[in-house]
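Only one structure is covered here, and it is reproduced in the block below.
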Amino acid sequence: MARKKSKSNEVPKEEAIIISVAQLLVSKEFREGVFSFMEDHAASFATENPGEAKAKACDFEHPLEYKEIHAEFSKTFEDRIENHVKEQGSSRAEMYDYLRRQEEAKVADTGASALVQTLLTVFEYETFVEVMRDTERRKYLEHITRSWASTLQSA
């Protein structure tokens, strides 16, 4: 799907929404909320054996508490994303549909779609568990979101 602009050189609505969501996801307030939540709940995911922290989520049995914390995380932050998308005149379903179509078409984009898709993977249960169990992954995620934030601000 090629990027189409109107005669007035406006960014298409779907792409503008993705850019707006990318800006939300890397905003200082959103990032601080996500990483504060993760820090507050990190002890629940701590392991006695440091090597276990790097295990894939599918390789071990999970306590029910993991699901509960993930549900709280998802509800808190996905609701914020959904409200933001609604404020832009769209829906979460339309946003995901646009991202899916872009991925299927292998479209080169502004980078916002790739950023959004990457950050939204944290909402997937197994990825969330892996990030929560591994301090290095959380720090890396925090580092790249800060980096993306400065990139978006300078664009």
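Oh and the sequence shown: position 74 is 73 in numbering that gives the first Met the number 0, straight run, nothing missing. C-beta: ideal position from N, C-alpha, C; glycine also. All of these numbers come straight from a predicted model, not from anything done at the bench.
When secondary structure is reduced to three states using DSSP, HIS61 falls in the coil class, being assigned neither helix nor strand. Measuring C-alpha to C-alpha distances from PHE36 to each of VAL10, ARG91 and ALA70 identifies ALA70 as the nearest. Residue state for VAL10 is assigned as coil, using DSSP reduced to three classes. Taking 7 Å as the cut-off, the Cβ atoms of VAL25 and ALA111 do not count as close. VAL25 carries a coil assignment under DSSP once its states are collapsed to helix, strand and coil.
Look at the beta carbons and you see the segment 136-146 not touching the segment 72-87: under three pairs across the two are nearer than 8 Å. Taking every protein chain shown into account, the CB of ASP58 has fewer than 16 other CB atoms within 10 angstroms, so this residue is exposed. Secondary structure note for ASP96: its alpha helix (DSSP H) is the uninterrupted segment 91-104. Here VAL84 has ILE16, VAL20, SER90, ARG91 and MET94 as same chain residues with Cβ atoms under 7 Å from its own Cβ, once five neighbours each way along the sequence are excluded.
For THR117, the uninterrupted alpha helix (DSSP H) segment begins and ends at 111-119. Spatial neighbours of VAL115 in its own chain (CB-CB distance under 7 Å, excluding positions within 5 residues in sequence) are listed in chain order as ILE17, VAL20, ALA21, LEU24 and LEU98. Residue range 124-132 is occupied by the alpha helix (DSSP H) that includes THR126. A direct Cα-Cα distance of roughly 20 Å separates GLU60 from THR134. Listed in chain order, the non-local C-beta contacts of ARG30 below 6 Å within the same chain comprise THR144, local neighbours out to five positions each way being set aside. Taking a 10 Å sphere around the C-beta of LEU63, we find fewer than 16 other C-beta atoms and assign the residue as exposed.
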